[in-house]
Amino acid sequence: ATCGATHLLFEAGIPCTGTGSFRSSGELREHFTHVFVDEASQALEPEALLPLSFIGRGGNAMLCGDHKQLGPVVRSRFCREHGLAVSLLERLICLPAYATGDARRTTKLVNNYRSHGDLLALPSRLFYADELRECAAHETTRALCDWAELRRAGFPFLFLGVQGLHMHEVDSPSYYNVTEAEKVAELIDKLTHGTQADGRPISTDDVAVVTPFRMQARRATP
Numbered sequence: 001a002t003c004g005a006t007h008l009l010f011e012a013g014i015p016c017t018g019t020g021s022f023r024s025s026g027e028l029r030e031h032f033t034h035v036f037v038d039e040a041s042q043a044l045e046p047e048a049l050l051p052l053s054f055i056g057r058g059g060n061a062m063l064c065g066d067h068k069q070l071g072p073v074v075r076s077r078f079c080r081e082h083g084l085a086v087s088l089l090e091r092l093i094c095l096p097a098y099a100t101g102d103a104r105r106t107t108k109l110v111n112n113y114r115s116h117g118d119l120l121a122l123p124s125r126l127f128y129a130d131e132l133r134e135c136a137a138h139e140t141t142r143a144l145c146d147w148a149e150l151r152r153a154g155f156p157f158l159f160l161g162v163q164g165l166h167m168h169e170v171d172s173p174s175y176y177n178v179t180e181a182e183k184v185a186e187l188i189d190k191l192t193h194g195t196q197a198d199g200r201p202i203s204t205d206d207v208a209v210v211t212p213f214r215m216q217a218r219r220a221t222p
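Per this note's numbering, the sequence shown starts with residue 1, numbered consecutively.
1) Going by DSSP in three states, R57 sits in which element: helix, strand or coil?
2) Measuring alpha carbon to alpha carbon, tell me which of A121, D66, L44, V35 ends up nearest R223.
3) Please go through the same chain and pick out, in chain order, the residues whose beta-carbon is closer than 7 angstroms to the beta-carbon of E149, but skip the five residues on each side of it.
4) Just tell me which of T33, N112, C16 has its CA closest to the CA of G59.
5) Have a look at G101 and A40 and give me their C-alpha separation to the nearest angstrom.
6) Grab me the residues of E180's own chain with a C-beta within less than 6 angstroms of its C-beta, minus the 5 sequence neighbours each way, in chain order.
7) Rounded to whole angstroms, what's the CA-CA distance from L70 to N112? Just pull it up for me.
8) Could you pull the start and end residues of the beta strand (DSSP E) that F159 belongs to?
9) Can at least three beta-carbon pairs, one atom from the region 165 to 180 and one from the region 133 to 152, be found at a separation below 8 angstroms?
10) So what does DSSP say about Y175, is it helix, strand or coil?
11) Would DSSP call A208 helix, strand or coil?
12) Who are F32's beta bridge partners in DSSP?
13) Spell out whether any CB of chain C is found under 8 angstroms from the CB atom of C145.
14) Tell me which residues share the same chain as I202 and place their Cβ nearer than 7 angstroms to its Cβ, disregarding the 5 neighbours each side in the sequence.
15) For A61 versus L52, is the C-beta distance shorter than 8 angstroms?
16) Along the alpha helix (DSSP H) that carries T140, what are the first and last residues, could you check?
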């Protein structure tokens, strides 16, 4: 409790649906003055409505997320065709009251502290009305702009197409692709034998392998 107010924070997905047990038992009904749903763009509409049902009279709700990125995972074609693949956040943000961008109703985070400006340019133009601003330190985002493997010097993006097979072990549902893993390992090896723009060496601590499958990350480790 803060200043007499009770706050409730939820993440999308299972934590949201877990509130159903409180709802069915009648506990905490209309108990909270403020409810925050994080990553709300990834929650199904019924999932998001569950925690919102705990708001008391005159309370406030905040849905945090980005409907231009990941949305709800809806496997049923029937449900997708009937609108369930649209999150509550997206449904609200498209209403006239929110679409105007009134700062009293919506807040946009447009300062980006992660990426090189060239990588922001396309999504900024396509999805964010050219509002994204590069705020990351240049010594970080431009540290590898002179890497020999880049197709265009100064543009820190490398897209490679490989031909390989998705496989998994008998006792594991985690997929891996040997050809992709070998290519990633090759690139990491080349990176760790080079230096950054300021002459500092590159170690594996500076490299992250991002994949939805744990087995693929293991096989990509040189």
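All C-beta atoms, glycine included, are put in the ideal place defined by N, C-alpha and C.
Here's the rundown:
1) Within the sequence shown, residue 57 is the residue found at index 57, counting from 1. Correct three-state label for R57: strand.
2) Residue numbering for the chain in the displayed model covers 1 to 222; residue 223 lies beyond these limits and cannot be assessed.
3) On the sequence shown, position 149 is the one that residue 149 refers to. Taken in chain order, the residues that qualify are L158, L187, K190.
4) Indexing the sequence shown from 1 puts residue 59 at position 59. Measuring from the Cα of G59, the nearest candidate turns out to be T33.
5) Reading the sequence shown from its first residue, position 101 is the one you call residue 101. Reading the sequence shown from its first residue, position 40 is the one you call residue 40. So the alpha carbons of these two residues sit roughly 18 angstroms apart.
6) One-based indexing of the sequence shown puts residue 180 at position 180. Hits under 6 angstroms: V162, G164.
7) The count along the sequence shown starts at 1 and reaches residue 70 at position 70. The count along the sequence shown starts at 1 and reaches residue 112 at position 112. L70 and N112: Cα-Cα distance of roughly 18 angstroms.
8) For the purposes of this step, residue 159 is taken as the residue at position 159 of the sequence shown. F159 -> no beta strand (DSSP E), and no H or E assigned at all.
9) no
10) Counted from its first residue, the sequence shown places residue 175 at position 175. Coil at Y175, not helix or strand.
11) Translated into the one-based positions of the sequence shown, residue 208 becomes position 208. If DSSP states are grouped into helix, strand and coil, A208 belongs with coil.
12) Residue mapping note: residue 32 aligns to position 32 of the sequence shown, counting from 1. DSSP output for F32 lists I55 as bridge partner(s).
13) Chain labels in this structure do not include chain C; a single protein chain is all it has.
14) As a first step, residue 202 must be located in the sequence shown, where it is residue number 202. L191, T192, G194, T195, Q196.
15) Start at 1 with the first residue of the sequence shown, and residue 61 comes out as number 61. Start at 1 with the first residue of the sequence shown, and residue 52 comes out as number 52. Against a cut-off of 8 angstroms, the Cβ pair of L52 and A61 comes out as a contact.
16) In the sequence shown, the residue the question calls residue 140 occupies position 140. From DSSP, the alpha helix (DSSP H) with T140 extends over 138 to 141.
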